[in-house]
Structures are given as C-alpha cells and as structure tokens.
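J.:
Protein chains: 2
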Amino acid sequence: MSWQIARDDLPDLARGATLLGTGGGGDPYIGKMLVEQVLGEGSITILDPDELADDLFVIPTAQMGAPTVMVEKIPAGTEPSLSLRILEEHLDRRAEATMPIECGGINSMIPLIVAAETGLPVVDADGMGRAFPELSMETFAVYGVHGSPLALAGERGERVIIDTGDDDRQMEWLARAITIRLGGVGHIAEYAMTGADVRRTAVPRTLSMALALGRAIRVAREEHRSPFDAIAETLSSTLYCHMRTLFEGKVVDVDRRTTEGFAKGVARIVPVDGGDDELEIRFQNENLIALRNGELVAIVPDLICITESESAEPITTEGLRYGQRVRVLGISTPDLMRTPEALAAFGPSAFGLSERFVPVEELIPGEN
Amino acid sequence: MSWQIARDDLPDLARGATLLGTGGGGDPYIGKMLVEQVLGEGSITILDPDELADDLFVIPTAQMGAPTVMVEKIPAGTEPSLSLRILEEHLDRRAEATMPIECGGINSMIPLIVAAETGLPVVDADGMGRAFPELSMETFAVYGVHGSPLALAGERGERVIIDTGDDDRQMEWLARAITIRLGGVGHIAEYAMTGADVRRTAVPRTLSMALALGRAIRVAREEHRSPFDAIAETLSSTLYCHMRTLFEGKVVDVDRRTTEGFAKGVARIVPVDGGDDELEIRFQNENLIALRNGELVAIVPDLICITESESAEPITTEGLRYGQRVRVLGISTPDLMRTPEALAAFGPSAFGLSERFVPVEELIPGEN
C-alpha cells in the first residue's frame with residue numbers, strides 16, 4: 001500500500017538512515033534540511049514495491065562523494081533534480097518514480113528532495129540495503145540491472161553522462177573521477193529500471209524500515225525504555241532480523257583520511273572500566289569489519305553500527321571522536337545480499353579484505 | 001577550393017604536423033598508420049573554410065591525453081568515430097564535416113580517421129593553430145564557440161558526455177579526469193559549430209600548411225637543399241610568416257615527468273663545440289618558453305620547434321634524448337592567436353609563466 005511521508009517524519013527517517021548508514025552514507029541531517037526546505041507542509045507519496053506496475057519507469061537518484069566532504073559542502077539543492085532531468089533527456093523518457101540507490105545516510109533523503117521538487121513518488125526500496133562506498137555495489141547490478149547510463153550534475157550546473165555498458169565498476173571509476181574534480185560531491189541519477197526490475201533486484205521496504213527504526217529509537221527514549229530493545233524489536237519483523245551487541249566501550253583511537261574520494265581508516269574501542277578487551281573497526285566510508293581482540297565478530301555486508309551507549313543515537317564515521325561512549329551493533333542483512341554474486345560485488349573481497357563472510361548470527365549465536 | 005588528401009600525402013602531413021606540434025600534440029606517425037589502415041587507396045575531401053556553407057554542421061574530433069602515454073597506448077581505431085557518433089546522438093544532429101581542434105601532432109590525423117570511416121569531409125582549419133595541452137586553449141572558445149557538450153569515447157566502448165556550459169576550463173578539468181582514468185588517452189568530439197562559426201573563430205588552412213611544410217622539408221632533402229630554407233619559404237606565404245633560429249647545439253639534459261595527465265619538464269641545449277651558451281626550454285606537453293642564457297627568445301603561443309640539425313626532422317618532447325644535435329626554431333603565430341583574449345586563454349600566464357608575451361620577430365629582429 002502506498003503511504004505518505006511528511007516533514008514530521010524526517011527526523012526519525014534521518015536517525016534510522018544514519019543507523020543503516022553503518023558509519024557512512026553521508027550525514028542525512030543535511031539532506032533532511034534540504035527536504036524540509038522544498039517540501040514545506042506538503043507530503044511525498046511512497047510506493048510499495050509489490051504494487052508497482054511492471055512497466056513503471058523508475059530513475060533512482062543519489063549523491064556521491066566522501067561523507068567527510070558532504071558535511072562541509074552543502075548542495076545548492078537543485079542538483080538532485082537536475083541529475084534526474086539529464087538522464088530523462090538522455091533516455092528521452094520521463095521518470096514515473098524515483099528511488100534510493102542506498103537507504104543508509106544522506107541517500108535516503110536525496111530521492112525525497114527530487115520527489116518534493118518534481119511531484120514524483122518514491123519507491124520504498126533501494127539497491128544496497130544499507131550504505132556502501134561505491135556505485136557498483138548494488139543489488140540492482142548483482143541481479144542484472146546496470147547503472148549506465150549515469151547522469152551526474154554539479155553545483156555549477158555541470159552535466160555529465162557516463163555510459164560504460166554493463167561494466168558498473170568502470171562506471172563507478174569514471175564517475176568518481178568527476179566527483180573528485182567537482183570538489184568531492186556530485187549528484188547522480190542511474191540504474192534506471194522498470195517496476196518489474198525493482199521487484200526482481202531491489203532490497204524492499206528499506207525506506208519504511210529506516211523510518212520505523214528512527215521512530216522506535218525516539219519513542220523508546222521518550223518512554224524511558226531501552227532504545228536498543230526497540231531497535232531489536234523493530235528489526236525482528238523485517239528482512240534484517242538478527243541484532244547483536246558486538247561491544248560496549250569508549251573510542252580511544254580514530255585514524256581517518258579522506259583519500260581518492262573516500263574516507264578510509266580505523267577506529268579502536270576499549271571497555272570504559274579498563275581491561276584488555278578491544279574492538280577494532282575498519283571503514284571505507286562505511287564500517288567494513290569488526291574484530292574483537294583480533295577475532296571476527298561482524299563483516300560486510302552485515303551492518304556494523306556504532307551508536308551512543310545510552311541514547312542509541314547512531315554515529316557516523318566523520319562523527320567519531322576520542323572518548324565517546326558507544327555500543328556497537330551487528331545487524332544481519334537480507335538473504336539477497338548474501339548470495340555468492342552479492343558477496344562478489346560488496347562482500348569482504350570487494351574491499352580488499354582477506355576474511356571470508358560469515359553471518360553475524362553465526363559469529364555470535366543468540367536467541368533472535 | 002576543396003582538395004583531396006590521399007595515402008601518399010600522409011607522411012608529409014605527419015612531418016609537418018609534428019613541427020606544428022612544438023614538441024607535443026602526440027606522435028602523428030601512429031595516427032598516420034591508423035589513417036592508412038582505414039583509408040586504403042581512397043581519398044578524403046578537404047574543405048577550404050572560405051567555401052563552407054554558413055549553416056554547415058561541423059563536429060571537430062581529437063584525441064586527448066599525455067603524448068608519452070599516446071605512444072604506448074595505441075587506439076583500437078574505432079574510438080574517434082564513436083566520439084563523433086555519441087555527440088551526434090546527444091545533439092540529435094548529424095555532422096556534415098569534421099575538423100581538427102589542433103593541427104599539431106596526432107590531432108592532425110584523428111579527423112582523417114573519422115573522415116575515412118564515415119565519408120565526411122574535413123575542414124582545413126583548427127582551433128589551436130599548433131598544439132596546446134588543454135581543451136580550453138582554442139581560438140574557438142576565445143571567439144565565442146564553446147566546447148560543450150563534449151563527447152568522449154574510451155577503448156572499451158565507454159561513452160561520456162560532459163556539458164559545462166560556456167566554462168571550457170571546467171570542461172577540460174572534467175574530461176582530463178576521465179582520460180586519466182581511462183589509462184591516459186581518450187577520444188573526443190567537441191566544439192560543434194557551423195560553417196560561419198569556423199570562419200569567425202578558427203585558424204584557417206592549418207592542415208594544408210602542415211602538409212606543405214612536411215612536403216617542403218622532404219623535397220628539400222631530396223634535392224640536397226637546406227630544409228630550413230624550405231620551411232622559411234613555405235611559411236612566408238602563410239599567417240605564420242616569421243621564422244627565427246633560436247639555437248643550434250646538442251641536448252644535454254631532459255627532465256620529463258608524466259603527471260596529472262601531462263608530460264611536464266625542461267630540456268637544456270648547449271653548443272656542440274662547447275662554450276657557455278645554453279638554451280633552456282620548458283614544456284607542458286608542448287614547448288612553452290625558450291630562454292637563451294636566461295634571456296627570453298620565444299614564448300607561447302609562438303611556436304618553439306626542436307628539429308634535427310641536419311634533416312630538420314621535428315622532435316617531440318617524448319623523443320628528446322641526451323646528445324641529439326638540434327636546431328631550435330621560433331615561428332610566429334597568426335594575429336588572431338595574439339589578441340589579449342587569445343593570450344588570456346593560451347598565452348604565458350595560462351601556463352603559470354610570469355614572462356609577458358613578446359612576438360618572436362620582436363625578440364629576434366630579422367628580415368622576414
């Protein structure tokens with residue numbers, strides 16, 4: 001069933017999208033402000049993927065760049081819709097809906113900016129089921145819908161179209177070069193597809209899940225219940241049904257560099273009350289792997305989420321600071337993100353990690 | 001009057017284009033082989049700019065990249081025409097002719113490859129009147145025809161369209177990024193214009209001049225006359241009417257790096273028979289400035305051409321070797337390349353040089 005999203009929903013959506021951003025994906029709070037600006041008192045129609053007409057023409061929209069840059073380089077606001085228009089003109093076909101390519105981070109919000117500006121509905125699905133650093137890391141691509149042609153809009157009205165056929169990694173490679181030269185951020189429309197393609201290739205209902213997670217955390221806080229229990233409860237009825245606490249402690253080291261258009265680095269967390277335990281998290285925009293005392297406890301594409309230890313407020317890579325008290329969560333991803341084809345696209349080896357993917361619910365057995 | 005170019009003309013054209021390449025522009029001998037391959041025993045129609053219909057639709061074609069890479073990364077041969085087709089599709093208008101953007105180096109040949117493949121004629125004009133390292137350094141741009149939209153084709157069929165409006169430097173900046181990520185070479189179609197635009201903005205008859213120069217050098221050698229006299233004689237009836245010998249000697253030092261998509265460096269030449277004299281030439285793909293014992297003797301956009309001291313064979317930046325016996329020529333450029341607007345686009349300051357432009361015929365007074 002289609003539903004409406006309005007201004008009051010945006011803070012919850014931003015919070016949930018930050019959790020699903022697993023440290024990356026860019027700060028959705030900036031995106032939220034841009035949506036609010038365009039949306040005003042209106043609302044946006046969200047379409048359930050099961051109800052899309054087979055031939056509905058969907059053009060996903062997103063921002064690409066290093067999250068550390070996105071925080072400082074706020075878009076003018078017109079680029080997301082411009083990227084959609086560029087691709088429409090190139091394909092000589094008007095979009096009937098837009099969609100996130102990435103439900104984590106700012107890219108949960110970019111399609112809403114487009115929707116508010118154009119009146120298009122937004123499909124409740126995405127191609128990452130979380131956040132990933134590269135445009136080729138999409139379930140869309142894994143299951144046969146390719147990113148090309150990609151349209152990219154810059155803040156000074158630059159228009160770029162990139163078509164690398166079915167080579168989505170080459171598309172990422174070229175689009176990243178443009179984004180770097182635009183100052184670190186570009187706005188894109190890509191992975192144009194039909195409603196039938198959405199059902200076949202997308203991770204369903206991730207926008208509504210992000211909203212539900214953000215809302216659950218807020219309501220639990222208001223009702224003085226554990227927000228972590230609220231997260232687990234919300235996830236239990238979704239495709240992301242396993243949640244584990246990987247570690248609790250304080251951040252003692254963050255080594256982060258913005259290089260080649262990415263924020264790369266490592267964070268270390270130790271218990272607040274001392275002791276020899278240590279959690280090491282390595283990230284490339286997003287958190288990729290968590291090692292507890294050198295032992296694997298969670299690994300991409302499962303979600304590794306760093307949150308404030310009391311409020312469960314998710315913390316992005318660029319928000320990590322020495323001394324923060326945190327709880328690190330591991331959350332299982334849906335089966336379509338764990339197939340051999342999916343792992344080839346965005347599993348450990350796609351990030352140069354030598355560790356093999358093991359589901360978080362196997363690494364840490366538990367009840368849910 | 002239109003004329004025909006055939007296989008037998010290509011060696012002369014390559015030689016003349018290398019001279020006009022002023023050290024850069026890429027090695028036209030590789031381009032020549034590609035033209036020969038496509039052209040066979042056929043011929044290509046060359047159109048005089050004065051005879052173009054006002055509304056003739058011209059799409060120039062070229063290769064971009066570092067000459068040092070171009071020598072090692074030989075194109076498949078289909079990219080130049082692909083770039084033209086991409087731009088035609090994007091503009092929804094078929095080209096009626098192609099044209100060089102740069103008459104020096106390999107870009108004298110690329111439009112001939114396109115012409116041989118497509119049957120289009122080639123306009124006898126270009127936008128640099130020599131070779132320059134950047135796509136924005138065009139008389140086209142100086143006089144109001146902008147490069148966008150630019151179409152770029154890669155060797156694996158990659159298609160890229162870049163539109164930066166009237167900001168040709170931003171177009172160069174983005175296209176260079178793509179070219180670097182394609183391995184250092186890309187094929188482009190850009191500066192689409194009408195016949196009337198050609199007459200208003202292009203340097204006329206540079207293709208025929210390159211051919212005439214190459215032919216004059218060859219014939220002089222065959223007739224045991226001085227090829228340098230032949231060059232001077234050929235130039236005297238063109239818009240490039242002043243030639244000066246800047247230095248004769250041997251190359252004693254070449255410092256060359258391929259960096260950020262360019263071949264940058266410096267060469268030093270001293271007299272063969274010793275003495276304290278020294279010519280220093282700084283280059284960015286092309287030779288930019290010549291200093292004799294620290295005194296300016298020629299500077300961009302005038303041509304600084306290093307040639308073999310006996311045969312007058314032009315030597316490219318990547319062909320410079322320790323010990324070569326050379327004669328360095330300075331050649332004046334046409335007035336439309338020396339206006340304040342032109343100098344702002346491709347004069348000394350456009351290359352970060354602090355020296356002011358002074359015409360070579362004023363720096364070295366002489367009779368022609």
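Chains Z and W supply the protein sequences, listed in that same order. Counting in the UniProt record's numbering, the first sequence runs from 1 upward without gaps. Counting in the UniProt record's numbering, the second sequence runs from 1 upward without gaps. Note that beta-carbon positions come from the ideal geometry of N, C-alpha and C, so glycine has one too. These numbers were taken from a predicted model, which means no experiment stands behind them.
1) To the nearest angstrom, report how far apart Z:M171 and Z:L150 are at their CA atoms.
2) At the 8 Å Cβ level, is W:R181 part of the contact set with chain Z, yes or no?
3) Report the residue ranges of all alpha helix (DSSP H) runs contained in full by the segment 174 to 254 of chain Z; include only those spanning at least 4 residues, in chain order.
4) Taking 7 Å as the limit between beta carbons, can you name the residues of its chain near residue 369 of chain W, skipping five residues before and five after?
5) For Z:D163, which residues in chain W fall below 8 Å Cβ to Cβ?
6) Can you tell me where the alpha helix (DSSP H) with W:M137 in it begins and where it stops?
7) In chain Z, which residues lie less than 8 Å from W:W3 when you measure between Cβ atoms?
8) Along chain Z, which residues have their Cβ under 9 Å away from the Cβ of W:L174?
9) Determine the direct distance from the alpha carbon of W:P80 to that of W:I110, and round the result to whole angstroms.
10) For W:K264, which beta-bridge partners are listed by DSSP?
11) I believe W:I304 touches W:T22 by the beta-carbon criterion, under 8 Å. Please report the beta-carbon distance rounded to the nearest angstrom.
12) Can you grab the Cα-Cα spacing for the pair Z:V318 / Z:D12, in whole Å?
13) What's the gap between the Cα of Z:E138 and the Cα of Z:L91?
14) In terms of residues, what are the limits of the beta strand (DSSP E) holding Z:V297?
15) Do you know offhand how far W:E260's Cα is from Z:G42's?
16) Between Z:S332, Z:L207, Z:L320, Z:G184, which lies nearest to Z:M243 when the distance is taken from Cα to Cα?
17) I'd like to know whether the C-beta atoms of Z:L182 and Z:P334 end up nearer to each other than 8 Å.
18) Can you list, in chain order, the residues of its chain with a C-beta nearer than 8 Å to that of W:R199? Leave out the 5 residues immediately preceding and following it.
19) Answer with buried or exposed for Z:N285, where buried requires no fewer than 16 other C-beta atoms within 10 angstroms of its C-beta.
20) Label W:M1 either buried or exposed according to how many other C-beta atoms from any shown protein chain fall within 10 Å of its C-beta, with 16 as the threshold for buried.
21) Near Z:T179, which residues of its chain fall below 7 Å by C-beta distance, leaving aside the five closest residues on each side in sequence?
22) Using the Cα positions of Z:L20 and W:I281, report the straight-line distance between them to the nearest angstrom.
23) Determine, for W:Q170, whether the minimum Cβ-Cβ distance to residues of chain Z falls below 8 Å.
24) Going along the chain, which residues of its own chain have a beta-carbon closer than 6 Å to the beta-carbon of W:L34, five neighbours each way excluded?
25) Given Z:I161, which residues of its chain have a CB within under 8 Å of its CB, disregarding the five upstream and five downstream residues?
26) Measuring alpha carbon to alpha carbon, tell me which of Z:R321, Z:A131, Z:E310, Z:R176 ends up nearest Z:R221.
27) Have a look at W:A232, W:L82, W:T164, W:E190 and flag the residue whose alpha-carbon is nearest the alpha-carbon of Z:E155.
28) Which same chain residues, not among the five before or five after W:V203, have their C-beta less than 8 Å away from its C-beta?
29) If you run the structure through DSSP and keep just helix, strand and coil, what is W:V360?
30) Could you pull out every unbroken beta strand (DSSP E) segment of at least 3 residues lying fully inside the UniProt domain "S-Me-THD N-terminal" (8 to 163) of chain W, listed in chain order?
31) What does a CB cutoff of less than 8 Å around Z:L296 pick up in its chain, not counting 5 residues either side in sequence?
32) Let me check understanding here. Comparing Cα to Cα, which of Z:H146, Z:G249, Z:G347, Z:G40 lies closest to Z:Y191?
33) Check W:R327 in the structure and name its three-state DSSP category.
34) For W:N287, does the count of other Cβ atoms within 10 angstroms reach 16, so buried, or fall short, so exposed?
T.: To lay it out plainly:
1) Between Z:M171 and Z:L150, the C-alpha separation is close to 8 Å.
2) Chain Z contact via Cβ: present.
3) Runs of the alpha helix (DSSP H) inside the segment 174 to 254 of chain Z: 195 to 201, 206 to 222, 227 to 236.
4) The structure shown does not extend to residue 369 of chain W, since chain W is modelled only from 1 to 368, so the question has no answer here.
5) Correct list: E158, R159, V160.
6) Counting along the chain, no alpha helix (DSSP H) covers W:M137, and no H or E run does either.
7) Residues of chain Z with a Cβ closer than 8 Å to the Cβ of W:W3 do not exist; the shortest Cβ-Cβ separation is about 37 Å.
8) Within chain Z, the residues placing a beta-carbon under 9 Å from that of W:L174 are G154, E158, V160, A177, I178, R181, L182, ordered along the chain.
9) One C-alpha to the other measures close to 7 Å.
10) Paired residue(s): W:R257, W:Q284.
11) Confirmed, Cβ separation roughly 6 Å.
12) Note that residue 318 of chain Z corresponds to Glu in the displayed sequence, not to Val. If you draw a straight line from the Cα of Z:E318 to the Cα of Z:D12, it is about 20 Å long.
13) Near 21 Å, if we compare the C-alpha coordinates of Z:L91 and Z:E138.
14) Residues 295 to 299.
15) Spanning the two alpha carbons is a distance of roughly 48 Å.
16) For the residues Z:S332, Z:L207, Z:L320, Z:G184, the minimum Cα distance to Z:M243 belongs to Z:S332.
17) Going by C-beta atoms, Z:L182 is not nearer than 8 Å to Z:P334.
18) Around W:R199: P49, D50, L52.
19) Classified as buried, Z:N285 has 16 or more neighbouring CB atoms from the shown chains inside 10 Å of its CB.
20) By the 10 Å Cβ count, W:M1 comes out exposed.
21) So the qualifying residues of the chain are M64, G65, V185, G186, G261.
22) Annotation: Z:L20 to W:I281 spans about 57 Å, alpha carbon to alpha carbon.
23) Against chain Z, the CB of W:Q170 has a partner CB under 8 Å away; the residue lies at that interface.
24) Only G77, I113 meet the Cβ criterion.
25) Closer than 8 Å at Cβ, skipping near neighbours: I86, L87, H90, P149, L150, A151, L152.
26) With distances taken between Cα atoms, Z:R221 lies closest to Z:E310.
27) Residue nearest to Z:E155 within the set W:A232, W:L82, W:T164, W:E190 is W:T164 (criterion: CA-CA distance).
28) Cβ neighbours of W:V203 within its own chain (closer than 8 Å, five residues either side excluded): C103, A125, D126, G127, M128, G129, T139, L239, P334, L336, M337.
29) Helix.
30) For the UniProt domain "S-Me-THD N-terminal" (8 to 163) of chain W, whole beta strand (DSSP E) runs of length 3 or above, ordered along the chain, are 43 to 47, 61 to 65, 150 to 153, 159 to 163.
31) Beyond the five residues adjoining it in sequence on each side, Z:L296 comes within less than 8 Å, by CB distance, of I289, A290, E355, V358, L363 in the same chain, given in chain order.
32) The shortest C-alpha separation from Z:Y191 is found at Z:H146.
33) Strand.
34) So W:N287 counts as buried.
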